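According to our numbering, the sequence shown holds residues 25 to 297 in order.
Below: one structure, written as structure tokens.
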Amino acid sequence: MSKFVKPDHRQIASARVVAAKQISPNFIRVTIAGEELDSIRPMGFDQWFRMFFPQPGQEELKLPSSASAFWFAQWKLMSKDSRPNVRNYTIREMRRAGSGTFGDTTEIDIDFAVHGDLGPASAWAAKAAAGDEVAILDEGLIYNPVADVDWQLLVGEESALPAVVGILNSAPADLRAEVFIEVADPEDIQEVSGVGEGVNVRWLVREDADARPGILALDTVKNADLPSGSCYAFVAGESELATSLRRHLVNDRNVPKSNIAFTGYWKFGRASA
Ligand SMILES: Cc1cc2nc3c(=O)[nH]c(=O)nc-3n(C[C@H](O)[C@H](O)[C@H](O)COP(=O)(O)OP(=O)(O)OC[C@H]3O[C@@H](n4cnc5c(N)ncnc54)[C@H](O)[C@@H]3O)c2cc1C
25 MSKFVKPDHR QIASARVVAA KQISPNFIRV TIAGEELDSI RPMGFDQWFR
75 MFFPQPGQEE LKLPSSASAF WFAQWKLMSK DSRPNVRNYT IREMRRAGSG
125 TFGDTTEIDI DFAVHGDLGP ASAWAAKAAA GDEVAILDEG LIYNPVADVD
175 WQLLVGEESA LPAVVGILNS APADLRAEVF IEVADPEDIQ EVSGVGEGVN
225 VRWLVREDAD ARPGILALDT VKNADLPSGS CYAFVAGESE LATSLRRHLV
275 NDRNVPKSNI AFTGYWKFGR ASA
């Protein structure tokens, strides 16, 4: 079985921003829409995508023509000045054509955990306005739980909030899960509705504004009293959280490596591309 759940169809789908709103101190929700988004099959959970967006000052969004694995080689071959920026994001919510909030075409909400002008994606989200051009390439799911485990552990900091909340929103009602989500500010906590009684969501708020994101979640899970029985773990966010928590789960909690999906979404002090 593949580690990931890949989409059955891949296309670089162009879209435009239809709304952008600061929803809490550290989150901006950007909604994109367009007919080409109809090509994306909603898979729920942590469905993620590559987002292509212009560099500052670029008038035109030039895109790779290939949606296969060659897109990256094509993108690399474009000159640094003419190629678009590309970063990874999660579908926070998708509304099919006809059931949209802003128009008749398919809409996707993206929740950006913003960090000022430190990166091009964060800076883009802060200035996003209706009409801005983007394109996305669906990448499917990383979350792919092994069958018949007793419970699940879901852990992330703010960049993985959309993924963890998406997993909870798509999960069966009888899911047993311990969930840890770290945010920078109490007002960044989002309401998670419709989860079953077996789901225990713990929001962790960083006290220290300069602390490395993810360390609070890492330390809290390390010291937590967790259920016994077999476990599947999904850990995502800053790379130290992902790699150190995996090490802890394998070495100290006897979780098989094959039962852990751990993804460094970004690396402290280093740009993604
Ligand atoms: C599968 C996947 C799904 C993702 N989904 C989301 C999502 O839905 N929402 C979301 O906000 N992020 C998400 N991310 C994380 C996002 O791709 C990274 O945070 C990305 O680096 C942001 O790009 P940037 O251009 O702003 O910064 P970059 O150019 O990559 O980095 C510039 C600087 O900013 C720092 N930095 C990057 N990200 C953060 C951060 N989150 N907080 C503080 N400092 C940061 C870097 O360490 C670096 O010093 C996802 C990543 C993956 C792999």
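Heads up, the beta-carbon is just placed ideally off N, CA and C, and yes, glycines get one too.
Since the model is a prediction, treat every value here as computed from it, not as a measurement.
Shown here, L269 sits in a helix according to DSSP, grouped into three states. The way I'd put it, the segment 27-47 does touch the segment 152-171; three or more beta-carbon pairs between them come closer than 8 Å.
CA-to-CA, the gap between S296 and G288 works out to about 11 Å. Going by DSSP, I56 is part of the beta strand (DSSP E) stretching over F51 to A57. Across the structure, V189 and W227 are spaced so that their CA atoms are roughly 12 Å apart. Assignment of beta-bridge partners to A260 by DSSP yields G180 and T287. Of all alpha-carbon atoms in S217, F136 and F28, the one lying nearest the alpha-carbon of A184 is that of F136. For K45, the enclosing beta strand (DSSP E) begins and ends at I36 to S48. In the structure shown, N247 adopts coil according to DSSP, grouped into three states.
Taking the Cα positions, Q82 is about 22 Å away from A91. Taking 8 Å as the cut-off, the C-beta of H33 does not count as close to any heavy atom of ligand 1. The C-alpha of E215 lies about 18 Å from the C-alpha of R230. Cβ neighbours of A187 within its own chain (closer than 6 Å, five residues either side excluded): D70, T114 and A260. For Y113, the distance from the CB to the nearest heavy atom of ligand 1 is below 8 Å. Of the other Cβ atoms in all chains shown, fewer than 16 fall within 10 Å of the Cβ of T125; this residue is therefore exposed. Counting along the chain, V279 sits inside no beta strand (DSSP E), nor does DSSP assign it H or E at all. Taking the C-beta atoms as reference points, A248 is found no nearer than 9 Å to V223.
Here L199 has Q176, G220, G222 and V223 as same chain residues with Cβ atoms under 7 Å from its own Cβ, once five neighbours each way along the sequence are excluded.
In the pairwise beta carbon analysis, the segment 274-285 is classified as not touching the segment 92-102: fewer than three pairs are separated by under 8 Å. With fewer than 16 other beta carbons inside 10 angstroms of its own, R294 counts as exposed. If you keep only unbroken alpha helix (DSSP H) runs of at least 4 residues inside the segment 132-195, you get 144-151 and 185-194. As the crow flies, the alpha-carbon of V279 is around 19 Å from that of S263. As DSSP reads the structure, M102 sits in no beta bridge.
Classified as buried, L61 has 16 or more neighbouring CB atoms from the shown chains inside 10 Å of its CB. The C-alpha of V274 lies about 31 Å from the C-alpha of D209. By the neighbour-count criterion, in which a residue is buried when 16 or more other Cβ atoms sit within 10 angstroms of its Cβ, L101 is exposed.
Between the segment 146-160 and the segment 42-54 there are three or more inter-stretch CB-CB distances shorter than 8 Å, so the stretches are counted as touching. Pairing D212 with P88 gives a Cβ-Cβ distance that is not under 9 Å.
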